[in-house]
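Data block below; observations after.
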Amino acid sequence: MRLNPLAITGLLICCWMANVLSPSQAAETTTLKLNLRNRVEVAPEAKRWHTITTPTDWSPQKTAIIICDMWDKHWCPNSTLRVAEMAPRMNEVVKAARSRGMFIIHCPSDTMEFYKDTPQRKLAQAAPVVETKRPLERWCRIDLTKESPLPIDDTDGGCDCAEPVKNYRAWSRQIADIEIHDGDAITESDEAYRLMKSRGIENVIVMGVHTNMCVLGRPFSIRQLVYQGMNVALMRDMTDTMYNPAMKPFVSHFTGNDLVIEHIEKYWCPTIASTDFLGGKPFRFREDKRPHVVVLSAEDEYRTEVTLPDFAAKHLGRDFKVSFVFENPNKKYDLPGVEIVNDADVLLISARRRPLPSNQLEIIKKHVSTGKP
568 MRLNPLAITG LLICCWMANV LSPSQAAETT TLKLNLRNRV EVAPEAKRWH
618 TITTPTDWSP QKTAIIICDM WDKHWCPNST LRVAEMAPRM NEVVKAARSR
668 GMFIIHCPSD TMEFYKDTPQ RKLAQAAPVV ETKRPLERWC RIDLTKESPL
718 PIDDTDGGCD CAEPVKNYRA WSRQIADIEI HDGDAITESD EAYRLMKSRG
768 IENVIVMGVH TNMCVLGRPF SIRQLVYQGM NVALMRDMTD TMYNPAMKPF
818 VSHFTGNDLV IEHIEKYWCP TIASTDFLGG KPFRFREDKR PHVVVLSAED
868 EYRTEVTLPD FAAKHLGRDF KVSFVFENPN KKYDLPGVEI VNDADVLLIS
918 ARRRPLPSNQ LEIIKKHVST GKP
């Protein structure tokens, strides 16, 4: 029997793939495994939300990364320092994404003159006109019919430096730690959406600064992309917030960042962590030394599902990172999101007569067995 040369070539390629790639490695080349975390409202009258993490597969070829306003310098010196601290980890995420075939879009607003002669800028300028679900806006402002007011007061500009700082346009380019490669794009406008739409991209991961301003409002970022029907996720440990602890709700700068991330998870899109790309532990700013307190509330007698969040909001936000796990009102003896206990430094339990499923109880037992308080 005589074999077709093409058949022989295909057989050799299959044999090579089988020897070089394990089944798990082969799967990694075709799927992007993410842990999407969002907030689900379960008791509107009590303002109670479950934190739910859902493992999800996205296609890398249909997914883009948006890097929002990671400038070389900011008018707020503390913000400049945090961007510089975060940028190397972000570059590692971008490299991992690029190696998987994801499209990288750099969006350092107000710096297009710096990039005007680059192929990445010209690629974005050539973005075709595409059909949209609603007009593409230059800035997507807060819509109180869709979301509540932001949980922090940033009317002073949000700089957390000890001394007053003048607000001015300090940036000239994207911070150099984040590499720009051939095939990437550079834009500050709705060119980003038009590029993605024309390439058949359905999913987008947003990272960068600042969640309460540019990450929500820019024409290439969360509100705009959600309005256009894209699957959007914020990389929550690769972002920061313009928030001054001297303003309401008078909490740590990093608690302010957590509060805005929670707001985004409630009203706009799920979040992921850089660990979905790099493994290890999520990124944490050096100055964020808050112990993580996780509160479990599951009882019918004392209303601690109301009083403990109020107490935490008033008294714990300056010194602690606080997460809540509430009982499922539709399925007693179930604590959705209890996996967050794995990240707890301190566990506060307010529960009475709750025989939990074994897998949930094991998480609590593990915390206790390690000797954590």
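Counting in our numbering, the sequence shown runs without a single skipped number right up to 940 at its last residue. A virtual CB, placed ideally from N, CA and C, is assigned to each residue, including glycine.
- Around threonine 699, the same chain offers Gln795 as residues with beta carbons nearer than 7 angstroms, after the five sequence neighbours per side are excluded.
- Judged by DSSP in its simplified three-state form, glutamine 741 adopts strand.
- Closest option to arginine 803, judged by alpha-carbon separation, among Pro816, Leu792, Val818 and Met774: Met774.
- Inclusion of valine 776 and aspartate 807 in the CB contact set at 8 angstroms is warranted, their separation being smaller than that value.
- Three or more beta-carbon pairs separated by less than 8 angstroms link the stretch 615–627 to the stretch 596–603, which places the two stretches in contact.
- Bridge partners of lysine 600 according to DSSP: Asp624.
- Under the DSSP assignment, phenylalanine 821 falls outside any beta strand (DSSP E), being part of the alpha helix (DSSP H) whose first and last residues are 820–834.
- If you ignore the 5 residues before and after leucine 915, its C-beta comes within less than 8 angstroms of the C-beta of Val860, Val861, Val862, Leu863 and Leu875, all in its own chain and listed in chain order.
- Around the beta carbon of threonine 597, a 10 Å sphere encloses fewer than 16 other beta carbons of the protein chains shown; the residue is thus reported as exposed.
- Segment contact: the stretch 669–678 against the stretch 737–755, three or more CB-CB distances shorter than 8 angstroms; contact assigned.
- Exclusion of the five residues before and after threonine 842 leaves Pro849 as the residues of its chain whose Cβ lies within less than 6 angstroms of its Cβ.
- In this chain, threonine 630 is not harboured by any alpha helix (DSSP H); it is covered by the beta strand (DSSP E) spanning 630–635.
- In this chain, the alpha helix (DSSP H) harbouring cysteine 781 covers 781–784.
- Relative to the Cα of valine 935, the nearest Cα in the group Leu923, Ser917, Val908 and Arg920 belongs to Val908.
- Bounds of any beta strand (DSSP E) do not take in aspartate 877; it lies within the alpha helix (DSSP H) bounded by 871–882.
- For the pair serine 819 and aspartate 639, the Cα-to-Cα distance works out to about 25 angstroms.
- The criterion of a C-beta distance shorter than 8 angstroms is satisfied by methionine 637 and isoleucine 745.
- DSSP places isoleucine 907 within a helical segment (H, G or I) once states are collapsed to three.
- With the rule of 3 Cβ pairs closer than 8 angstroms, the stretch 714–727 counts as touching the stretch 643–656.
- In this structure, aspartate 901 lies near proline 924, with their beta-carbon atoms less than 8 angstroms apart.
- Rounded to whole angstroms, tyrosine 760 and glycine 904 show a C-alpha spacing of 33 angstroms.
- Phenylalanine 844 sits in a helix when the DSSP states are folded into three classes.
- When DSSP states are grouped into helix, strand and coil, asparagine 926 belongs to the helix group.
- Of the residues Glu704, Ala663 and Leu783, the one whose Cα lies closest to the Cα of glutamate 714 is Leu783.
- Lysine 764 sits buried, since 16 or more C-beta atoms from the chains shown fall within 10 Å of its C-beta.
- Annotated as proximal: arginine 919 and glutamate 866, with beta-carbon spacing under 8 angstroms.
- Counting other Cβ atoms within 10 Å of its Cβ, glutamine 692 stays below 16 and is therefore classed as exposed.
- Taken through DSSP and simplified to helix, strand or coil, lysine 888 comes out as strand.
- Rounded to whole angstroms, the Cβ separation of phenylalanine 852 and glutamate 612 is 36 angstroms, and the two are not in contact under 8 angstroms.
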